[in-house]
Amino acid sequence: MFEYYIKDGSLTFRWNNCINGFNMPLKIYHDNKPLTVKPLTRWNTIKLEGSGDDITVDKDFYVAVMNMMGKENGTR
Numbered sequence: 004m005f006e007y008y009i010k011d012g013s014l015t016f017r018w019n020n021c022i023n024g025f026n027m028p029l030k031i032y033h034d035n036k037p038l039t040v041k042p043l044t045r046w047n048t049i050k051l052e053g054s055g056d057d058i059t060v061d062k063d064f065y066v067a068v069m070n071m072m073g074k075e076n077g078t079r
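Just so you know, we're using the working numbering here: the sequence shown kicks off at 4 and counts up by one.
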C-alpha cells in the first residue's frame, strides 16, 4: 500500500504492508504534472511545486493508496 500525506507544501510517503526493503518507483500526478517518486518502507519527504493538496497515482500502477490525512483513494 502506498501511504502519503501532504502538509505545508511537502509530500511525505512510504510503502506499507509489503516486504522489508521493497522500493518500486511510482509515477504520480500533482497539479496535473507527472512526478516519479521512490517510496521505501520508511517515511520520505519531498517538497512539492504548485498549490494542490492531493495527488493521483498513475493508472498503470495497480496499488492500494491511502491518504493518511483521512481519505482512502482505493486501489489504482
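All C-beta atoms in this analysis are idealised placements derived from N, C-alpha and C, irrespective of residue type, glycine included.
In whole angstroms, what separates the C-alpha of residue i from that of residue j?
i   : j   : result
L51 : N26 : 21 Å
M72 : N20 : 18 Å
N70 : S54 : 17 Å
My output table needs one value for residue i: the three-state DSSP class, helix, strand or coil.
i   : result
W18 : strand
L43 : coil
S13 : strand
L51 : coil
Can you check which of these residues, the options, is closest to residue i by C-alpha distance?
i   : options               : result
G39 : N70, A67, M72 and I58 : Reading off the sequence shown, one finds Thr at residue 39, where the question assumed Gly. Answer by Cα proximity: I58.
Return the Cβ separation of residue i and residue j in integer angstroms, given the expectation that the two are a contact with Cβ distance under 8 Å.
i   : j   : result
I31 : V60 : 5 Å
In or out: residue i buried (at least 16 other Cβ within 10 Å) or exposed?
i   : result
Y65 : exposed
P37 : exposed
P28 : exposed
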